Each structure stands twice: as structure tokens, then as C-alpha cells.
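Accompanying notes for the structure given below.
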Amino acid sequence: MKKYLVIGSGFAGSVLAEQLSKNSLIEIWEERDHIGGNCYTERDKETGVTIHKYGPHIFNTDNLEVWNYIQQFCEMMPYTNRVKSIYKGNVYSLPINLHTINQFFGKTLSPVEARAFIESVSDKTIETPQNFEEQALKFIGKDLYSAFFYGYTKKQWGCEPRELPASILKRLPVRFNYNDNYYAMPLQGIPKNGFTEIFEKMLDHPNITVKLNQKFVPSEVDFSAYDQVFYTGPVDAFFDYKFGRLGYRTVYFEKHTAAGDYQGNAVINYADEEVPFTRVHEHKHFTPWETHEKTVYFKEFSKETAVEDIPYYPKRLSNDMEILRQYEEEIERLANVTFLGRLASYKYMDMHHVIASALEVAKNFKNDVV
Ligand code: UDP
263 MKKYLVIGSG FAGSVLAEQL SKNSLIEIWE ERDHIGGNCY TERDKETGVT
313 IHKYGPHIFN TDNLEVWNYI QQFCEMMPYT NRVKSIYKGN VYSLPINLHT
363 INQFFGKTLS PVEARAFIES VSDKTIETPQ NFEEQALKFI GKDLYSAFFY
413 GYTKKQWGCE PRELPASILK RLPVRFNYND NYYAMPLQGI PKNGFTEIFE
463 KMLDHPNITV KLNQKFVPSE VDFSAYDQVF YTGPVDAFFD YKFGRLGYRT
513 VYFEKHTAAG DYQGNAVINY ADEEVPFTRV HEHKHFTPWE THEKTVYFKE
563 FSKETAVEDI PYYPKRLSND MEILRQYEEE IERLANVTFL GRLASYKYMD
613 MHHVIASALE VAKNFKNDVV
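First residue of the sequence shown: 263, per this note's numbering; consecutive thereafter.
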């Protein structure tokens, strides 16, 4: 059998291992003391609530293959993410929809009227938006952008929105009806017993060995002992940062517990720049099929990733892209290492993107039996 080394046990590494486990021997090295990467969930001891330790994860996709695949490993409960935003003392509906527009401008517009109104306030001088800010001004105009996106995005990314790619804003829909589903994806849910169970099931195979607390230092590894190495960590770390560090944002949380219901919703965003946190998540609302007397909620803060922090969001500013290009040239020369996942490809990928790409990579190795 072929022997593979997989670095990291998030979705990229776990899906790959699961797919290749039939025909090969797989070792997974995971530097944390648990599997599942940032999707890891666990029951909170004090409240009994399942918490998403590294921030909220709501599974959503338009890829039926991925949707069917994931459900081999969990019972996916129907869940619709509905997010609110607080701006200058008022609560608004997100993503921008007819309710938000009517609330914000104090109107009672119909869908047709709202479309015409937003058209009238949008910036028509921008033809092809070159960045986040231009995309927003063209889409929704200055007032909605300033209220709901400017401050939040500055806090989240630590830079001016005009430095960020337009693609980040395009993640969020703008609607002229009262549909307040945060996602545009048709398939959405939360695993009944949390995300960790998915990883446990994926990796439960005699051909897969998981080594926890096992840090990967490329210079100390004998690559020739493996037929292929699959790396899912940060791409710059693999090369010991020789061309410089790529910009990633990280987030950290302030945990609180209370009796009852703290905010009445899973996620509430804080749009004002002066409020230091970006959002508050109250995790028992992610499992409406359970009841809990107590509650646990987290204030989420964002900052630049320091050496000891877990990288979350690739910034992809122009300087980062120049550094990335140099790492990618090195990757081209490495025949026996495959880079995959959000950190190794330095792309803003969601769970379903990562799973789809790992399934694709696995196809190239699946029938590779000696
Ligand atoms: N965003 C914003 N205000 C909000 C929510 C999102 O300005 O209330 C911006 C922000 O820049 C964020 C981006 O839209 O990074 C994408 O939002 P999404 O909810 O997809 O981010 P994620 O869930 O990946 O953190």
C-alpha cells in the first residue's frame, strides 16, 4: 500500500484521509490536542451547550455532491442563519434586504420601489469595482455602506475597505424582499451532535493513524518515507517564512455565561467602529432542537495574526499576493507535496469549498495502488 502523510486534521486533511484510507496507509499529524481544526465543537461543561470553539460554523453549500458526502458522517439538522446588526442603537436585519432598507431609511417601499431607490443612491460612476469599497458603493450606495460595512470591515480586517478585494463583499447577498437568510446557498444545516463527530467518523479507519500534539517542522521530516505529503497548514510556515509572512487576520473571544437567553439570536453583528468587538454569538441558538437553562455567549474580536496565533482569514492584499507568488513558484518544484485547504492555498474558502477541493485532490490518488 502507498504511505501518505497528512498535515492537519481540519476538513482538508480529514476528507483526504477518509477518501484515501481504503487503499493506503495514512498518518495524520495534528499540532493541536484535538482533531477538526477550526470546525471543532465541544460541549461546554458549565452550560451543556455545544460550543464552536473557534467561532460559529454553519454549513451551507450549493454543491449537492458535498452535501450528500457530509451527511454520511452526521445527522444534518435544518438550520437557517439569521443575523442581526446593531448600528447606532438600533437593531437591523441582515443581509441587506427589504426590511433593512425600510428600517434604515424609515420607508415602506415595495420590492420594485426599493430596487429603484437603491439604484438612485448607488454610485453610477463606478463601472468595474476594483475593491470592497467600490463594490459596496456601486451595489448599495454610501449610506448603507457607511452604516453596515465600513466600520465592521475595518474592525474585521484591520485596514481600509478600499484595500480589500471586491470579492469579500460579494459573499453577502443584497435582496429586495424580506428573505433574511444570511446565506444565498440553498443547502444549509448544522450537524445534530456538533462538527467534531464528523471528523471522528471520517478518521475512524484502521488505515488511519492520528498523532495529536505533533508539530510539523519540514526540515526535520524525511519526505522520502512517504509516497506523498499533503500539507494543510499555512503556506508561508511551510517555507519557514523565507519570502516573508503572509497577512492573515485572527479572531479571539471573550466568553460569558448567564441564565436564560442573552440576546435572543445566534449572531448579532456590531457595525459601529467604536464598539471594539465585531459580533456576539450565543451558541445555544445554533441547536434550537435542544433546551438549556443557562447560556454561553462570546464577544468576537479581530486582530492581526502574531506568531503564536491561529491564522483565520487570508487578507490577500497586493503585498501578500506578491509574497504568495514566490511561494507558489517553490510549490511548483515540490513534486511530492500537495498543498490544500484554506491556509495552504491562502484563499478565503468556506467549509464546502475545502471539502470539494479535497475530494477533487483525492481523485488523483485514489486508485494509486501498488
Ligand atoms: N461584513 C460587514 N458587516 C457585516 C457582516 C459582514 O461589513 O455585518 C463584511 C466583512 O468585511 C466580512 C465580509 O463582509 O468580512 C464577509 O462577511 P461574512 O459574514 O461572509 O464573513 P465570515 O462569516 O467569513 O466571517
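All C-beta atoms, glycine included, are put in the ideal place defined by N, C-alpha and C.
Please read these numbers as outputs of a predicted model, since none were measured by experiment.
Alpha helix (DSSP H) segment containing residue i, residue limits
{"i": "tyrosine 589", "result": "580 to 595"}
{"i": "alanine 398", "result": "394 to 406"}
{"i": "histidine 314", "result": "No alpha helix (DSSP H) holds histidine 314; the beta strand (DSSP E) holding it covers 312 to 314."}
{"i": "phenylalanine 273", "result": "273 to 282"}
{"i": "lysine 417", "result": "413 to 419"}
{"i": "leucine 605", "result": "604 to 607"}
Limits of the unbroken beta strand (DSSP E) element including residue i
{"i": "phenylalanine 457", "result": "Here phenylalanine 457 belongs to no beta strand (DSSP E), and DSSP marks it neither H nor E."}
{"i": "glutamate 562", "result": "556 to 566"}
{"i": "arginine 305", "result": "303 to 305"}
{"i": "valine 542", "result": "541 to 544"}
{"i": "valine 616", "result": "It is not in any beta strand (DSSP E) - valine 616 instead sits in the alpha helix (DSSP H) that spans 613 to 628."}
{"i": "serine 286", "result": "286 to 291"}
{"i": "leucine 431", "result": "Leucine 431 -> no beta strand (DSSP E), and no H or E assigned at all."}
{"i": "tyrosine 266", "result": "264 to 269"}
{"i": "asparagine 322", "result": "321 to 323"}
{"i": "valine 472", "result": "470 to 473"}
{"i": "threonine 600", "result": "599 to 601"}
C-alpha distance - residue i paired with residue j, whole-angstrom precision
{"i": "tyrosine 559", "j": "glycine 420", "result": "24 Å"}
{"i": "threonine 312", "j": "threonine 458", "result": "10 Å"}
{"i": "glutamate 395", "j": "aspartate 385", "result": "11 Å"}
{"i": "alanine 376", "j": "leucine 474", "result": "54 Å"}
{"i": "threonine 362", "j": "lysine 369", "result": "10 Å"}
{"i": "isoleucine 320", "j": "asparagine 343", "result": "7 Å"}
{"i": "lysine 417", "j": "threonine 512", "result": "11 Å"}
{"i": "glutamine 333", "j": "isoleucine 460", "result": "9 Å"}
{"i": "alanine 620", "j": "serine 283", "result": "14 Å"}
{"i": "serine 580", "j": "threonine 540", "result": "25 Å"}
{"i": "tyrosine 316", "j": "tyrosine 493", "result": "21 Å"}
{"i": "lysine 404", "j": "isoleucine 380", "result": "10 Å"}
{"i": "leucine 267", "j": "leucine 287", "result": "9 Å"}
{"i": "asparagine 325", "j": "phenylalanine 515", "result": "31 Å"}
{"i": "serine 481", "j": "tyrosine 589", "result": "16 Å"}
{"i": "threonine 567", "j": "lysine 577", "result": "11 Å"}
{"i": "leucine 356", "j": "glutamate 594", "result": "42 Å"}
{"i": "valine 632", "j": "asparagine 285", "result": "For valine 632, the predicted structure reports a pLDDT of 45, less than 50, and the residue's modelled location is therefore unreliable. A value from the coordinates is still provided. Looking at the two C-alpha atoms, the distance is approximately 9 Å."}
{"i": "glutamate 280", "j": "isoleucine 297", "result": "13 Å"}
{"i": "leucine 431", "j": "methionine 613", "result": "18 Å"}
{"i": "isoleucine 572", "j": "glycine 299", "result": "10 Å"}
{"i": "glycine 506", "j": "valine 569", "result": "12 Å"}
{"i": "isoleucine 452", "j": "alanine 618", "result": "18 Å"}
{"i": "serine 271", "j": "alanine 378", "result": "48 Å"}
{"i": "proline 538", "j": "phenylalanine 335", "result": "38 Å"}
{"i": "glutamate 592", "j": "lysine 504", "result": "11 Å"}
{"i": "glutamate 622", "j": "cysteine 301", "result": "21 Å"}
{"i": "glutamate 563", "j": "asparagine 352", "result": "Here the sequence assigns phenylalanine to residue 563, which means glutamate is not the residue at that position. Roughly 21 Å separates the two Cα atoms."}
{"i": "glutamine 450", "j": "tyrosine 444", "result": "10 Å"}
{"i": "lysine 546", "j": "phenylalanine 627", "result": "40 Å"}
{"i": "threonine 519", "j": "serine 382", "result": "46 Å"}
{"i": "lysine 463", "j": "glycine 526", "result": "33 Å"}
Residue i vs residue j beta-carbon contact at 7 Å
{"i": "valine 436", "j": "isoleucine 290", "result": "no"}
{"i": "aspartate 582", "j": "glycine 509", "result": "yes"}
{"i": "glutamate 608", "j": "leucine 586", "result": "Going by the sequence as given, residue 608 is tyrosine instead of glutamate. Closer than 7 Å, so yes."}
{"i": "lysine 264", "j": "glutamate 337", "result": "no"}
{"i": "tyrosine 360", "j": "alanine 624", "result": "With the sequence shown as reference, residue 360 is identified as leucine, and tyrosine is not the correct amino acid for it. Contact: no."}
{"i": "alanine 274", "j": "valine 616", "result": "yes"}
{"i": "serine 276", "j": "leucine 465", "result": "yes"}
{"i": "asparagine 330", "j": "methionine 447", "result": "no"}
{"i": "lysine 565", "j": "valine 542", "result": "no"}
{"i": "proline 373", "j": "phenylalanine 438", "result": "yes"}
{"i": "lysine 517", "j": "threonine 309", "result": "no"}
{"i": "asparagine 393", "j": "arginine 424", "result": "yes"}
{"i": "glutamate 292", "j": "lysine 477", "result": "no"}
{"i": "glycine 544", "j": "tyrosine 524", "result": "According to the sequence provided, residue 544 is glutamate. The question's glycine does not apply to it. Yes. Within cutoff."}
{"i": "isoleucine 470", "j": "isoleucine 402", "result": "no"}
{"i": "glycine 413", "j": "glutamate 535", "result": "yes"}
{"i": "alanine 398", "j": "phenylalanine 411", "result": "yes"}
- Message: Could you tell me which whole beta strand (DSSP E) segments of length 3 or greater appear in the segment 327 to 382?
- Response: Restricting attention to beta strand (DSSP E) runs no shorter than 3 residues, the segment 327 to 382 encloses them at 338 to 340, 345 to 349, 352 to 355, ordered along the chain.
- Message: For the structure I just gave you, are there three or more beta carbon pairs, one from the segment 342 to 354 and one from the segment 524 to 531, closer than 8 Å?
- Response: Contact between the segment 342 to 354 and the segment 524 to 531 is present: 3 or more CB-CB pairs across the two stretches fall below 8 Å.
- Task: Could you tell me whether the segment 484 to 502 touches the segment 300 to 312, using the rule of 3 or more Cβ pairs below 8 Å?
- Result: Not touching, per the Cβ criterion.
- Item | Three-pair Cβ contact test at 8 Å for the segment 594 to 609 versus the segment 490 to 505 | The segment 594 to 609 makes contact with the segment 490 to 505, as at least three CB pairs between them are under 8 Å.
- Could you name each continuous beta strand (DSSP E) segment of 3 residues or more that falls completely within the segment 479 to 543, going from the start of the chain to the end? With a minimum length of 3 residues, the continuous beta strand (DSSP E) runs that stay inside the segment 479 to 543 are 490 to 493, 510 to 521, 529 to 532.
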